[in-house]
Structure formats: C-alpha cells, structure tokens
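Undergrad: Got a structure for you, questions after.
Protein chains: 4
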Amino acid sequence: MSERLTIDDLKRFIDTSPFIRFLGLEIEEVDEAKGVLAMKMPMRPELERADGTGQVHGGPIASLIDTVGDFAVILTVGAPVPTINFRTDYLRPAGGSYLIGKATVRRAGRTVAVVDIDVFDDQGRLCAIGRGCYGSKAG
Amino acid sequence: MSERLTIDDLKRFIDTSPFIRFLGLEIEEVDEAKGVLAMKMPMRPELERADGTGQVHGGPIASLIDTVGDFAVILTVGAPVPTINFRTDYLRPAGGSYLIGKATVRRAGRTVAVVDIDVFDDQGRLCAIGRGCYGSKAG
Amino acid sequence: MSERLTIDDLKRFIDTSPFIRFLGLEIEEVDEAKGVLAMKMPMRPELERADGTGQVHGGPIASLIDTVGDFAVILTVGAPVPTINFRTDYLRPAGGSYLIGKATVRRAGRTVAVVDIDVFDDQGRLCAIGRGCYGSKAG
Amino acid sequence: MSERLTIDDLKRFIDTSPFIRFLGLEIEEVDEAKGVLAMKMPMRPELERADGTGQVHGGPIASLIDTVGDFAVILTVGAPVPTINFRTDYLRPAGGSYLIGKATVRRAGRTVAVVDIDVFDDQGRLCAIGRGCYGSKAG
C-alpha cells in the first residue's frame, strides 16, 4: 500500500474536477480507521428533478454515490482509482437544502474495493443507497 | 395499459426538468415497437471529469443511463414511472463532443420494467452499460 | 399490512421448497423490530467450488443471499414476495463448516423492499455481500 | 493474453467442480469470435422452487448466470478468473425441462471483464437476465 493521502489531497482532487465543482461537494466527515467518508451536496436549482418539486433528480444522487465511494477508496488505498461499476437504489424522494453521502469501505482487496454508500437528506432520512466496486491498489 | 404517449409528451417531460435541461438531453431515435429509445447528451464544460481531459465524469454518464432508461419505459407503458434501482458499468473513458444513451426495454411486467442501456461516444465506441429496474403500469 | 407471520410460517415455506431443503437452510436469528433475519447454510459436498478446496461455489452463496433476503421481507410485510433483482459481491473465498447469511431490511415501501445481506463464514469473516429488491405489500 | 483454452479445457473445469456437476451444466454453443457461450441446465427435482410448481428456484438461475458468464470470460482471456460481482433480474417464472444461459462478453479489459447473460426456458422465453463483472487477464 502506498502512503496515505491527506484531506488536502482529496480537496485537490475535488478542485480539479469541473463536474465535482459543479455539484459543490464538500467533505463532511472522515474516519480513515473505519474506512468512512461522508460528503455534502448542497441543493442548487440545476439539480431539481422537476420544476417546483424541490426534489433532487436521481442523476445527481447517483453521481454523489459514485463520487463519495470513489473518494473513500482513494483515502483507504492512497491513490486515485476508477469506478468499475455501481448500483443505486432510490428509497424515497430526496429534497431539502442538502444531501449527505456517507461511504463505508466494506473490503479493499488486491484488485478491487467494495463500498456501501448511504444517502441522507437534511432531516437525516435515508433516501438512497449505493454499492460500488472500484479499482484498488491495497494489499 | 393507458394510451400511448407521443414524442411531444416526452419532450414536455424533458422541458419541465431542470436537471435534464442542464444535461441538454435530446431525443435521437425512437422505435416504440422494439421498446428502443436513444438520447444524445452534448458535452459541456461542467461535465468534465478532470480539468483538461475532455472526458465526461461518471456521474453524468450514470444520469444519462438512468434518464434514457426511464423515458424508454414511459414510452412503453404510457405514464411517468420512477426509477427503482440501476447498475452502471464503466467500460472505457468517454470523451468527444457528445454521448448517446440507447435504451432497450427487456421486459415490462405488471409492477416493474427492466431496461438495458448502452452508452456510446461520438465515434460509436461502447463506453458504459446500464441496467435499470423501473416502476411499470403495463399489463 | 397483513398480519405478522410467525417463525413457524417461515419454516413451513422452507419445508415446501425442494431447493431450500437441498441447501439445508436453518433460521439462526430473528429480530423483527430491526428487520433482521439470519440463516445458516451448512457445508455439504455438492456445494464445493472445486474438488478438494473445501470452498463453497459462488452459486450457493448467491442462493443464500437471495433466499434470506426474501425471507426477511416476508417476515416484515407478512406475505410471500418475489425477488425482483439482486446483486452479489464476492469478497473472499468462503469455506468452513457453514455460512451465515444475515439480512437487514433497509426499506419496505408500497411496491418494493430493499434488503442488505452479509455472508459470514464460521470464523465470522465477511465473505460476500448482497443487495436485493423484492416485491412488497407493506405500507 | 495467454493461449486459447479449448472446449475440452472448459469441460475439465466443469468436471472438477462438485457444484457444477450437481447442476449438470453442459456446453450448448460456443462462438469465441463473438465472445458468446451458452450452457444448458437440465431440470432436476432438487432445483424446484416449491413442491409441485415445476419451476426452478431463483438460486440455481443465479448460479447458472454466474457460471456461464465466468466460463465465457475464461474462453475469452484463456485463464480461470474469479467472479467479482453480478446482478440478476428475474423476469418471469422459469419452468420446463431445462434452462439455457447464454453469455456475451461485452468488454474484456486489462483488469476486469463485463458479461451479459440471458436465461431462456425450453420454449425460448426470456426468464432472467444477468450482468457480471469478472477478473480478466486480457489486454
């Protein structure tokens, strides 16, 4: 395993990605020992599902899942890794002023890492869940 | 099954969704008899994965998959339906001036519909594949 | 929601399924309030992945995931429900004298229920994880 | 990429797996150039979903999907590879005297391969679809 990345390294990745800048993702919680990373996605008008609903479209929710899962693996293995595949299950409409995506690395093996990502609204309600498989340089 | 929706109905759904407007999705091909719908997503600067790569971030690709699969079911069953869950597999980096998401309804049952979505770049290369499960009002 | 099913009802479902009888599944833990159900699958020679490995083939592991997730929903909603789709991630080879599949219902909505299933070996090591979407009669 | 495996090599893998012997899988069709492999799973009493239904339990269907997808990658990359994860969608009850699982390799990259698997009954009806991600030694 390579050397650990710092939160500042993560922030640098974020700053160099136009799409993540558009989503406005911010690091909310980090617990490297547990393989946990949470990020906040603030609501903005372009993310709305349908005019006047105040609900976020599924696309940004899936994007949040993909991205926070990826960053959780990056923190764990110490290097940028690609998303290989992921699953998104929508559980209820997601509105409010922001969403939180909380990723937990379930396993970081020699070639792939598997991550669970829970998405909560600003009331703490579980709105969607993701499960992703990423490249890995661990082991 | 309710009455068929027209392409104009689909366009109206698109026009009332801030996020789909942001993605700039356009209908590219419709074959209702085969349950096929293709949509084009033009590249725009905010979709870039990392500065200067010219590659689309995975989030917009997953968003395209989710959306075009949903619209394919809507066309087939004649009513708006929610996405229940979907899987995205990234096959290669996706760049160029636009992406095409082509959805094929594999089964529209009484309660759910299952759709395959292939994503191609502007050279016709397969960049990602999706498989989604949506609500259904068919049967 | 219909009336609750008892553990005896679950055992009756198990007893009338030739394939579940073949797998020899036994109820290990039930916590209806938490939507949790765990089942044990004893090792038997026909389940082996390759001669002499002592490891279980992925097929029975996926079968365990599918089944215990289904029964967790049945317990929660009080009626038999079909599996709609599920994902299996294999994390490490699974051997030993039995496997435990532990299902947690994440959400039981009006039309579908979503369940996470963790599979452990007889040393408590996490060997595989599943996520399934089932029919639902809750709500 | 290593040298090609022959059909006889595949049969040898099958013969050394107690679980695949139990399922009775037989090679039905091979088209290496297209990355296609089809296998037949004969009905047997232990595979039944519920007494007297004549329908196959979902577990053997998922096992067929996992296995035929794996063998399709093995044929393509010329070496045994592990299943990393896979998704199963059940489309309709599957009965009759046998099922056919037909796998198509969608992409075999440097580290992973992605495969689609369609499952048909003995009347040619599509009963289930799978999508799997496997290790790869291609490229």
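Protein chains in written order, with this note's numbering: chain A, 107 to 245; chain B, 107 to 245; chain C, 107 to 245; chain D, 107 to 245.
Backbone N, C-alpha and C fix where the C-beta goes; we use that ideal spot for every residue, glycine too.
Which residues in the same chain as A:T182 place their Cβ atom closer than 6 Å to its Cβ, once the five residues preceding and following it in sequence are excluded?
TA: G141, V211 and A214.
Undergrad: Provide the residue span of the alpha helix (DSSP H) that contains B:V174, from first to last.
TA: Counting along the chain, the alpha helix (DSSP H) containing B:V174 begins and ends at G164 to V183.
Undergrad: Just to make sure I have the definition right: I need the residues of chain C whose C-beta is within less than 8 Å of the C-beta of D:Y196. Which are they?
TA: Within chain C, the residues near D:Y196 are P188, T189, I190 and N191.
Undergrad: Does the beta-carbon of B:Q154 have 16 or more other beta-carbons within 10 angstroms, so that it is buried, or is it exposed?
TA: Note on residue identity: the sequence assigns Glu, not Gln, to residue 154 of chain B. The residue in question, B:E154, is buried, as its Cβ has 16 or more Cβ neighbours within 10 Å.
Undergrad: Taking just the CA atoms, how far does B:D137 sit from C:S108?
TA: Any reading at C:S108 is ruled out, since the residue's pLDDT is 46, under 50, leaving its predicted position unreliable.
Undergrad: For chain C, check one thing: does any of its Cβ atoms lie closer than 8 Å to the Cβ of D:A144?
TA: Not an interface residue.
Undergrad: Quick check on C:G241 - is its C-beta less than 8 Å from some C-beta in chain B?
TA: At least one chain B Cβ lies under 8 Å of C:G241.
Undergrad: For B:D222, count neighbouring C-beta atoms within 10 Å of its own C-beta (all shown protein chains included) and say buried if the count is 16 or more, exposed if not.
TA: Classification of B:D222: buried, given that the 10 Å Cβ count is 16 or more.
Undergrad: Which residues in the same chain have their Cβ closer than 6 Å to the Cβ of C:A178, if we skip the five residues on either side of it in sequence?
TA: If we look at C:A178 and ignore the five residues flanking it on each side, its Cβ neighbours are L143, A209, V211 and V221.
Undergrad: Quick one: does A:D157 have its CB under 8 Å from some CB of chain B?
TA: Answer yes: the Cβ-Cβ gap between A:D157 and chain B drops below 8 Å somewhere.
Undergrad: DSSP beta-bridge partners for D:A209?
TA: Answer by DSSP bridge pairing, in chain order: D:L143 and D:I223.
Undergrad: Using CA coordinates, which residue listed in D:G184, D:C233 and D:F192 is at the minimum distance from D:G202?
TA: Nearest C-alpha to D:G202: D:C233.
Undergrad: Along chain B, which residues have their Cβ under 7 Å away from the Cβ of A:P151?
TA: Simply P124.
Undergrad: DSSP state of C:D115, grouped into three classes?
TA: Helix, per DSSP.
Undergrad: Let me confirm a value: A:Q254 is counted as buried when at least 16 other C-beta atoms fall within 10 Å, else exposed. Which label applies?
TA: Nothing in the structure corresponds to residue 254 of chain A, since chain A is present only between 107 and 245.
Undergrad: For B:P207, does the count of other Cβ atoms within 10 angstroms reach 16, so buried, or fall short, so exposed?
TA: Checking the sequence shown, residue 207 of chain B turns out to be Gly, not Pro. B:G207 is buried by the Cβ-count criterion.
Undergrad: Please report the straight-line C-alpha distance between D:Y196 and B:T217, rounded to a whole angstrom.
TA: About 13 Å.
Undergrad: With which residues is D:V136 paired in a DSSP beta bridge?
TA: In DSSP, D:V136 forms a bridge with D:L143.
Undergrad: In chain A, which residues lie less than 8 Å from C:V136 when you measure between Cβ atoms?
TA: Those do not exist, as C:V136 stays about 23 Å from chain A at its closest Cβ, beyond 8 Å.
Undergrad: In terms of residues, what are the limits of the beta strand (DSSP E) holding B:R193?
TA: That run of the beta strand (DSSP E) goes T189 to Y196.
Undergrad: CA-CA distance, C:I167 and D:I180?
TA: C-alpha separation (whole angstroms): 21 Å.
Undergrad: Can you grab the Cα-Cα spacing for the pair A:G184 / A:A156, in whole Å?
TA: Looking at the two C-alpha atoms, the distance is approximately 39 Å.
Undergrad: So which residues on chain C does B:T210 lean against when the C-beta distance must stay under 8 Å?
TA: Per Cβ cutoff of 8 Å: no residues; B:T210 is ~17 Å from chain C at best.
Undergrad: Label B:I113 either buried or exposed according to how many other C-beta atoms from any shown protein chain fall within 10 Å of its C-beta, with 16 as the threshold for buried.
TA: Exposed: under 16 other Cβ atoms inside 10 Å.
Undergrad: Flag this pair as yes or no: are the beta carbons of C:R110 and A:R193 separated by less than 8 Å?
TA: Contact flag unset, no.
Undergrad: Using the Cα positions of C:F128 and C:C239, report the straight-line distance between them to the nearest angstrom.
TA: Roughly 24 Å separates the two Cα atoms.
Undergrad: State buried or exposed for C:G245, treating a residue as buried only when at least 16 other CB atoms are found within 10 Å of its CB.
TA: Its pLDDT being 47, under 50, C:G245 is placed unreliably by the model, and the measurement read from it follows with that caveat. Result: exposed.
Undergrad: Smallest Cα separation from B:T173: which of B:R231, B:T159, B:K146 and B:D227?
TA: If we check each option's Cα against that of B:T173, B:K146 comes out closest.
Undergrad: For C:D227, tell me which candidate among C:L205, C:I235 and C:G241 has the shortest Cα-Cα distance.
TA: Closest option to C:D227, Cα to Cα, is C:L205.
Undergrad: Just verifying my parser: in three-state terms, what is the DSSP assignment at B:G245?
TA: Per-residue confidence for B:G245 stands at a pLDDT of 47, beneath the threshold of 50, marking its modelled position as unreliable; the derived number appears in the next sentence. Reduced to three states, the DSSP call for B:G245 is coil.
Undergrad: To the nearest angstrom, how far is it from the Cα of C:R150 to the Cα of C:F125?
TA: Whole-angstrom Cα-Cα distance: 14 Å.
Undergrad: Listed from N- to C-terminal order along the chain, which residues in the region 167-183 of chain A have their beta-carbon within a distance smaller than 7 Å of any beta-carbon of chain B?
TA: From the region 167-183 of chain A, only A168, S169, D172 and T173 have a Cβ closer than 7 Å to chain B.
Undergrad: Under 8 Å between the Cβ atoms of C:T122 and D:G164?
TA: Against a cut-off of 8 Å, the Cβ pair of D:G164 and C:T122 comes out as no contact.
Undergrad: Is A:R127 helix, strand or coil when you go by DSSP?
TA: Helix at A:R127.
Undergrad: Can a CB atom of chain B be found closer than 8 Å to the CB of A:E154?
TA: Answer yes: the Cβ-Cβ gap between A:E154 and chain B drops below 8 Å somewhere.
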